[in-house]
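**Student:**
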Amino acid sequence: MLHPPVDLAVIGAGTAGAAAAAFLAERGLKVVVLERRTLAAAGARWVNGVPRGVFRAAGVAVPTGDEDLGGPHPFHMIAPGGRVRIDDHDVIDVDMRALVARLQARAMAAGVTFLPGVAALGRDRDLLRTSGGPIRCRWIVDASGLGGAGLLPVPDVAPHHLCAAAQEIREVRDAAAARAYFDAHDVGPGEALVEVGVAGGFSVRNVRLFHGGATVGILTGSIPALGHPPGKVILDRFVAAQPWIGRRVYGGAGAIPLRRPHDRLADDQVALLGDAGCQVFPAHGSGIGAGMLAARLLADVVADGGSLRDYEVGWQRRHGGLHASFDVVRRWNQGTDAATLGRIMALGLIDAEVLRAGLDQAFPRIAPRSL
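Positions 32 to 402 (the working numbering) are the ones given, in order, by the sequence shown.
Structure follows, in structure tokens:
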């Protein structure tokens, strides 16, 4: 059965896809969204740190209520022999389940049609072939995640550019023991204890208390292709070693492309968005902010009469240099070890100004004293 024709078909109802659909429909375009899973299972299902400025730039209200898990709060970045405290950054912790649901609801309110349980199979000129039947559309937005839907030829992401990350919210079984753990590291209530180099250069274990100490969030990640255990293994080992940590409340795990965005993000009919285009901030592997910014740019370009190629050029000119620069830092980081990172911190070669810029996904503003 042929679906009624639309201006755009979006593949994927996660953060980037739902945001793009909402923005496009609000600009008067007819949009349909395909999601191979249920809508409730689409996108990230864990907690992510996102700069508030990204929400404002994308035209999305800064999270409140249950969606907002707090912040900005101090980050204590620690490696053997070195430590840096980062204050005055812009990152808040966000329940991604609630954010994705909010963006989906916004898209629905703007008239977007969602097709859950439907997968993209291929394209033939202006027809998108799907498991639910063909859809005639002028443009296709592939926001289906790492690897994409195969509609635009792009190189595979090399294994050494993939971070295997995991994040979970768990109950705190023993509040006193939890407090003692953070006190032993000189980390205050609700502040983030971020140990880097726990499994190779680009690796992390980020632990923070949430909900007044009733729960704990644990974020881990590494590069398995370099011979290190994946984030989920790092997380499980940490939980097993900490008797104060209780049952899992929610969370998830997955592979994240760390390389700079693909050179080609579009042709005349298909545009890549989010992880499908490697629009992930390389310094720490978060793609939520970049995906929303890309969605806003795409919607504005198309609604103003531009082409998908204009979106591609616009992205590279606005954000390509920033991502490429931090990709150089990421590649260096990936080749170091914990002891080296600690020495560099102790020498002041990595300081709060540089780390704050990475958190905020912006170029650093170097103070005169750092020169």
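The C-beta atom is built at its ideal place from N, Cα and C for all residues, glycine as well.
All values derive from a computational prediction rather than experimental measurement.
What are the start and end residues of the beta strand (DSSP E) that includes His107?
**Tutor:** Counting from one through the sequence shown, the residue named residue 107 turns up at place 76. That run of the beta strand (DSSP E) goes 106-110.
**Student:** Apart from the five residues just before and just after Asp97, which ones in its own chain have a Cβ nearer than 8 Å to its Cβ?
**Tutor:** Position 66 of the sequence shown, counting from 1, holds the residue named residue 97. Result list for Asp97: Asp126, Ala129, in chain order.
**Student:** Can you round the beta-carbon distance between Asp391 and Pro82 to whole angstroms, since I take them to be within the 8 Å contact cut?
**Tutor:** Stepping through the sequence shown from its first residue, residue 391 is reached at position 360. Stepping through the sequence shown from its first residue, residue 82 is reached at position 51. Sure, about 5 Å apart at Cβ, within 8 Å.
**Student:** Check for me: the alpha helix (DSSP H) holding Trp170 runs from which residue to which?
**Tutor:** Taking the sequence shown and counting its residues from 1, the one referred to as residue 170 is at position 139. Element bounds for Trp170: not the alpha helix (DSSP H) but the beta strand (DSSP E), 166-173.
**Student:** Take the Cβ of Leu328 as the centre, count every other Cβ of all protein chains shown within 10 Å, and call the residue buried at 16 or more, exposed below.
**Tutor:** Here the question's residue 328 lines up with position 297 in the sequence shown. Buried: at least 16 other Cβ atoms inside 10 Å.
**Student:** Return the first residue and the last residue of the alpha helix (DSSP H) that Ser356 is part of.
**Tutor:** For this step, residue 356 is matched to residue 325 along the sequence shown. Per DSSP, Ser356 belongs to the alpha helix (DSSP H) from 352-365.
**Student:** How about Met376: is its C-beta nearer than 8 Å to some C-beta of chain C?
**Tutor:** Chain labels in this structure do not include chain C; a single protein chain is all it has.
**Student:** Should Ile249 be labelled buried (16 or more other beta-carbon atoms within 10 Å of its own) or exposed?
**Tutor:** To locate residue 249, count along the sequence shown from 1; it is residue 218. With 16 or more Cβ atoms within 10 Å of its Cβ, Ile249 is classed as buried.
**Student:** Using CA atoms only, rank isn't needed, just tell me which of Leu152, Val229, Asp267, Leu39 is closest to Arg67.
**Tutor:** Within the sequence shown, numbered from 1, the residue matching residue 67 stands at position 36. Considering only alpha carbons, the answer is Leu152.
**Student:** Please report the distance separating the alpha-carbon of Met323 from that of Gln310.
**Tutor:** Within the sequence shown, the letter at position 292 stands for residue 323. Within the sequence shown, the letter at position 279 stands for residue 310. Answer to the nearest angstrom: the Cα atoms are 10 Å apart.
**Student:** Going by beta-carbon coordinates alone, are Arg239 and Leu257 separated by less than 8 Å?
**Tutor:** Within the sequence shown, residue 239 is the residue found at index 208, counting from 1. Within the sequence shown, residue 257 is the residue found at index 226, counting from 1. In this structure, Leu257 does not lie closer than 8 Å to Arg239 by Cβ.
**Student:** Of all the options Lys61, Ala92, Ala52, Leu100, which has the alpha carbon lying nearest to the alpha carbon of Pro36?
**Tutor:** Start at 1 with the first residue of the sequence shown, and residue 36 comes out as number 5. When each option's Cα is compared against that of Pro36, the closest is Lys61.
**Student:** With a cut-off of 8 Å on the beta carbons, I'd call Gly345 and Val333 a contact; round off their distance for me.
**Tutor:** For the purposes of this step, residue 345 is taken as the residue at position 314 of the sequence shown. For the purposes of this step, residue 333 is taken as the residue at position 302 of the sequence shown. Contact flag wrong, Cβ pair sits at about 11 Å.
**Student:** Identify the continuous beta strand (DSSP E) that holds Ile319 and give its terminal residues.
**Tutor:** What you label residue 319 is simply residue 288 of the sequence shown in a count that begins at 1. No beta strand (DSSP E) holds Ile319; the alpha helix (DSSP H) holding it covers 319-334.
**Student:** Going by the beta-carbon positions, is the gap between Trp77 and Gly282 smaller than 8 Å?
**Tutor:** Taking the first residue of the sequence shown as position 1, residue 77 is located at position 46. Taking the first residue of the sequence shown as position 1, residue 282 is located at position 251. Yes.
**Student:** According to DSSP, which residues form a beta bridge with Ser253?
**Tutor:** Numbered from its first residue, the sequence shown carries residue 253 at position 222. Answer by DSSP bridge pairing, in chain order: Ala195.
**Student:** Could you check the C-alpha separation between Val108 and Gly179 for me, to the nearest Å?
**Tutor:** Position 77 of the sequence shown, counting from 1, holds the residue named residue 108. Position 148 of the sequence shown, counting from 1, holds the residue named residue 179. The sequence shown places Met at residue 108, not Val. Computed Cα separation, rounded: 33 Å.
**Student:** Nearest-angstrom Cα distance between Val218 and Leu70?
**Tutor:** In the sequence shown, the residue the question calls residue 218 occupies position 187. In the sequence shown, the residue the question calls residue 70 occupies position 39. The straight-line gap from Cα to Cα measures roughly 38 Å.
**Student:** Would Ala314 and Cys168 be called neighbours here (beta carbons separated by less than 8 Å)?
**Tutor:** Start at 1 with the first residue of the sequence shown, and residue 314 comes out as number 283. Start at 1 with the first residue of the sequence shown, and residue 168 comes out as number 137. Cβ atoms of Ala314 and Cys168: not closer than 8 Å.
**Student:** Taking the continuous alpha helix (DSSP H) assigned at Asp214, which residues delimit it?
**Tutor:** Mapped onto the sequence shown, residue 214 falls at position 183. Unbroken alpha helix (DSSP H) run through Asp214: 206-215.
**Student:** Short check: CB of His354 to CB of Pro288, under 8 Å?
**Tutor:** Within the sequence shown, residue 354 is the residue found at index 323, counting from 1. Within the sequence shown, residue 288 is the residue found at index 257, counting from 1. The answer is no: Cβ separation not under 8 Å.
**Student:** Give me the residue from Ala208, Ala196, Phe86, Glu384 with the minimum Cα distance to Pro260.
**Tutor:** Here residue 260 refers to the residue found at position 229 when the sequence shown is read from its first residue. Minimum Cα distance to Pro260 is reached at Ala196.
**Student:** If you draw a straight line from the C-alpha of Leu296 to the C-alpha of Arg340, how long is it?
**Tutor:** As a working mapping, residue 296 is identified with position 265 in the sequence shown. As a working mapping, residue 340 is identified with position 309 in the sequence shown. For Leu296 and Arg340, the distance between alpha carbons rounds to 8 Å.
**Student:** Any idea what DSSP makes of Pro103, helix, strand or coil?
**Tutor:** Locating residue 103 in the sequence shown gives position 72, counting from the first residue. Coil.
**Student:** Roughly how many angstroms separate the alpha carbons of Glu343 and Ala302, rounded to a whole number?
**Tutor:** The residue given as residue 343 occupies position 312 in the sequence shown. The residue given as residue 302 occupies position 271 in the sequence shown. Straight-line Cα distance between these residues: approximately 8 Å.
**Student:** So if DSSP puts Phe17 in a beta bridge, which residue, or which two residues, is it bridged to?
**Tutor:** Residue 17 is absent from the structure shown; the chain starts at 32 and stops at 402.
**Student:** Assign His120 to one of two classes, buried (16 or more other C-beta atoms within 10 Å of its C-beta) or exposed (fewer than that).
**Tutor:** By one-based count along the sequence shown, residue 120 stands at place 89. Its Cβ being crowded by 16 or more others within 10 Å, His120 is buried.
**Student:** Given this structure, state the Cα-to-Cα distance separating Ser253 from Ala370, to the nearest angstrom.
**Tutor:** Taking the sequence shown and counting its residues from 1, the one referred to as residue 253 is at position 222. Taking the sequence shown and counting its residues from 1, the one referred to as residue 370 is at position 339. Roughly 16 Å between the two C-alpha positions.
**Student:** Rounded to whole angstroms, what's the CA-CA distance from Arg58 to Ala330? Just pull it up for me.
**Tutor:** On the sequence shown, residue 58 is found 27 positions in, with the first residue counted as 1. On the sequence shown, residue 330 is found 299 positions in, with the first residue counted as 1. Those two C-alpha atoms are separated by around 8 Å.
**Student:** Does the distance from the CB of Ala174 to the CB of Gly305 come in under 8 Å?
**Tutor:** Translated into positions along the sequence shown, residue 174 becomes position 143. Translated into positions along the sequence shown, residue 305 becomes position 274. Yes, Cβ-Cβ distance for Ala174 and Gly305 is below 8 Å.
**Student:** Tell me, which residues are paired with Ala223 by DSSP?
**Tutor:** In the sequence shown, residue 223 corresponds to position 192, counting from 1. Paired residue(s): Phe106.
**Student:** Taking only three categories from DSSP, how would you classify Phe269?
**Tutor:** Position 238 of the sequence shown holds residue 269. Phe269: helix per DSSP, three-state reduction.
**Student:** Using only CA atoms, which one of Thr95, Asp38, Ala140 lies nearest to Ile123?
**Tutor:** Reading the sequence shown from its first residue, position 92 is the one you call residue 123. Comparing Cα-Cα distances from Ile123 to each of Thr95, Asp38, Ala140, the minimum goes to Thr95.
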